[in-house]
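When the sequence shown is numbered by numbering that gives the first Met the number 0, its final residue is 259 and no position is left out of the sequence of numbers.
For each residue, glycine too, the CB sits at the ideal point set by N, CA and C.
This one's a predicted model, so the numbers in the text were calculated from it and none came from an experiment.
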Amino acid sequence: MTTYQKWIAFYTMIRKDIVRMFRIWVQTFLPSVITSTLYFLVFGTVLGSRIGDMQGVDYMTFVVPGLVMLAVVTTSYANTSFMFFTSKFFARSIDEILVSPTPPWLLIAGFVSGGIVRGLLVGLLVLLVSLFFTGLTLTIHSALVIFGFAFLTALVFALAGLVNGIYAKTIDGINIVPTFFLTPLVYLGGIFYSVHSLPDWWQAITYANPLFYLINGFRYGFLGITDVALSTSVLILLVMVVILVAINWYFIRTGLGLKQ
Numbered sequence: 000m001t002t003y004q005k006w007i008a009f010y011t012m013i014r015k016d017i018v019r020m021f022r023i024w025v026q027t028f029l030p031s032v033i034t035s036t037l038y039f040l041v042f043g044t045v046l047g048s049r050i051g052d053m054q055g056v057d058y059m060t061f062v063v064p065g066l067v068m069l070a071v072v073t074t075s076y077a078n079t080s081f082m083f084f085t086s087k088f089f090a091r092s093i094d095e096i097l098v099s100p101t102p103p104w105l106l107i108a109g110f111v112s113g114g115i116v117r118g119l120l121v122g123l124l125v126l127l128v129s130l131f132f133t134g135l136t137l138t139i140h141s142a143l144v145i146f147g148f149a150f151l152t153a154l155v156f157a158l159a160g161l162v163n164g165i166y167a168k169t170i171d172g173i174n175i176v177p178t179f180f181l182t183p184l185v186y187l188g189g190i191f192y193s194v195h196s197l198p199d200w201w202q203a204i205t206y207a208n209p210l211f212y213l214i215n216g217f218r219y220g221f222l223g224i225t226d227v228a229l230s231t232s233v234l235i236l237l238v239m240v241v242i243l244v245a246i247n248w249y250f251i252r253t254g255l256g257l258k259q
């Protein structure tokens, strides 16, 4: 394929996904905004006044980065896994891509990009909603760190969603990973608390949770506070990207989970 043909292939895949998500925006954007609003009401407005400060900042302000990251993680993962699964079993459009000279890396980029776009847009919407609950006083310590962690996190979980979409044989296979693995890891990753407020044995478990590092890095971008070194969080993100790209490339290259 020429460079122009590769660009057309990539543009076609991502355009299809973006048009779809805006066409059904009530399903793709609104649920995360409503869920986050409920979190802000319960954990911020109702319980926040009783909890007080967390690491020297207002509790409502403390939980905002974690809730934004929660929206980015869940939507980027769900978008890619669902899109690939429907392309494989319902629309059967994946067959046309596989018989074309489209290289594996381009197929990965095309499907993952839609998840990144949706994850970042939903994260931005949740962030805008949070301003109404923080009194428009949410600070920004480093815009570069915020965008970097948001983008890399959306990339990681879009790649993870692609693995799920490739390997899943039924719609239940798509839902089981977010329900039983992803959601618990996110909630136990320090969204609503600081790791230093936990007993030693629970701290050790938290440090083994990769999502803990992503949330802390993102929180550092807003508040300038973190429970672990920023470099550690970045390193873990990059390692996850490399591993997931390699897995996706292997699956697509060998046809594992694709050839019926």
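Inset, instruction - Compare the C-alpha of Y10 against each of I107, D226, L197 and name the closest. - result: I107
Inset, instruction - Using 6 Å as the cut-off, classify the Cβ of V121 as near or not near the heavy atoms of the ligand HEM, replying yes or no. - result: This structure simply doesn't include the ligand HEM, nor any ligand for that matter.
Legend entry - Candidates G254, T27, Y219, A157: closest to V63 by CA position: Y219
Inset, instruction - State the DSSP-derived secondary structure class of V227, mapped to helix, strand or coil. - result: coil
Legend entry - Residues of its chain near G223, where Cβ-Cβ distance is below 7 Å and the 5 sequence neighbours each way are ignored: H140
Legend entry - Contact check, S160 vs S35, beta carbons under 7 Å: A quick correction: the sequence has Gly, not Ser, at residue 160. Cβ atoms of G160 and S35: not closer than 7 Å.
Legend entry - Segments of 4+ residues assigned as alpha helix (DSSP H) that fall wholly inside the stretch 58-88: 58-88
Inset, instruction - For F131, count neighbouring C-beta atoms within 10 Å of its own C-beta (all shown protein chains included) and say buried if the count is 16 or more, exposed if not. - result: exposed
Inset, instruction - Out of S193, T73, V162, state which residue places its alpha-carbon closest to the alpha-carbon of V185. - result: T73
Inset, instruction - Report, in whole angstroms, the separation of the C-beta atoms of V240 and L158, which I expect to be a contact under 8 Å. - result: 7 Å
Inset, instruction - Taking only the alpha-carbon atoms, compute the straight-line gap between Y212 and F146 and give it to the nearest angstrom. - result: 15 Å
Legend entry - Sheet register partners of V56 (DSSP bridge): M53
Legend entry - Beta-carbon proximity check, I235 vs G65, cutoff 7 Å: no
Inset, instruction - In the DSSP assignment, find the alpha helix (DSSP H) that holds G216 and state where it starts and stops. - result: 209-222
Legend entry - Local conformation of T27 per DSSP, three classes: helix
Legend entry - Buried or exposed by the 16-neighbour rule on C-beta atoms within 10 Å, applied to G216: Burial call: buried.
Legend entry - CA-to-CA distance, D52 to G114, given in whole angstroms: 35 Å
Inset, instruction - In angstroms with no decimal places, state the Cα-to-Cα distance between T1 and F88. - result: Distance between the alpha carbons of T1 and F88: 29 Å.
Inset, instruction - Within its chain, find whatever has a CB closer than 7 Å to the CB of L69; leave out the 5 residues flanking it on each side and keep chain order. - result: V185, I190
Legend entry - Proximity below 7 Å, CB of F84 to CB of A8: no
Inset, instruction - Using beta-carbon positions only, say whether L105 and K15 come within less than 7 Å of one another. - result: Cβ distance not < 7 Å, so L105 and K15 don't count as in contact.
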